[in-house]
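In my numbering, the protein residues as written are 7 to 254.
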């Protein structure tokens, strides 16, 4: 089955920046520093960090994004995980149609947020930084399981496949490049009678690419972090799409 990955078929694109911190930041031990850090992010970058949500077991910053249909979408742009901070910036979401978000400074925001983290937690090291791009490629009414299964040489296996997940680890230039590919099924509400909206079943292919540094000894320098972010920008989406289309 001949499916061509391209930018036009992207219905969702979210960029995440993950930071490993050693020793780990523990919420109950570092709560005051964390709240000061989050307040600094909200003050410096109000366009992506809006509301601090803090509890005994969680800490995150929410942001409200305006949609083209005058609706709003709220999502966390900062979460403290067990490994360290996770920053999330949407590029494109499918909410009542394609919604694009203009965040051209996301790399700069992340790097400055990382500098602020180092300033607040001077006793911590950052051995790894990762950039994750999460895509959904729209396949319309074509079953995405069959698209992925079409790469099998055996007809019987192509027919039997009901679900599958592909995980590829392709290290290059001192970076880990991990690609996960799997089918998905979406239900989209279409305009019908006001009281009974129609539901349109659509298919897609989830492609997640995680790029991070291979060497995790010591503390990453600012130039090493910039190198990881720059490599991810060079690889995604052009090189990734070439890879998905077997153009190498």
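Even glycine gets a Cβ: it sits at the ideal position worked out from N, Cα and C.
Asked	Found
Taking the alpha carbon of residue 69 as the point to measure from, which residue in 121, 78, 63 has its own alpha carbon closest?	78
What did DSSP end up calling residue 77 once you bin it into helix, strand or coil?	coil
In this structure, what does DSSP give as the bridge partners for residue 191?	209
Nearest CA to the CA of residue 232: which residue from 39, 121, 150?	121
Can you find a heavy atom of the ligand SAH that lies under 7 Å from the Cβ of residue 247?	Annotation note on the ligand SAH: not contained in the displayed structure, which lists no ligands.
Once DSSP output is grouped into helix, strand and coil, what is the label at residue 227?	coil
Going by DSSP in three states, residue 128 sits in which element: helix, strand or coil?	coil
According to DSSP, is residue 100 part of a helix, a strand, or is it coil?	strand
Which partner residues does residue 120 have in the DSSP bridge list?	Its beta-bridge partners do not exist; DSSP assigns none.
Does DSSP classify residue 8 as helix, strand or coil?	coil
Is it a yes or a no for the region 126–145 touching the region 18–29, going by three-plus beta-carbon pairs under 8 Å?	yes
Count the C-beta pairs between the region 163–180 and the region 44–61 that are closer than 8 Å, then say yes if the count reaches three, no if not.	no
Tell me, please, whether the region 226–244 touches the region 174–194 by the rule of three or more beta-carbon pairs shorter than 8 Å.	yes
Do residue 226 and residue 132 have their C-beta atoms within less than 8 Å of each other?	yes
Near residue 94, what residues of its chain come up, given a Cβ to Cβ distance below 6 Å and the 5 sequence neighbours on each side ignored?	22, 83
Residue 38 lies in the alpha helix (DSSP H); which residues open and close that run?	33–50
Could you tell me which residues DSSP pairs with residue 85 in its beta bridges?	66, 92
I need the straight-line Cα distance from residue 108 to residue 50, nearest angstrom please.	18 Å
I need the straight-line Cα distance from residue 73 to residue 105, nearest angstrom please.	6 Å
Starting from residue 60 and walking both ways along the beta strand (DSSP E), at which residues does that stretch end?	57–60
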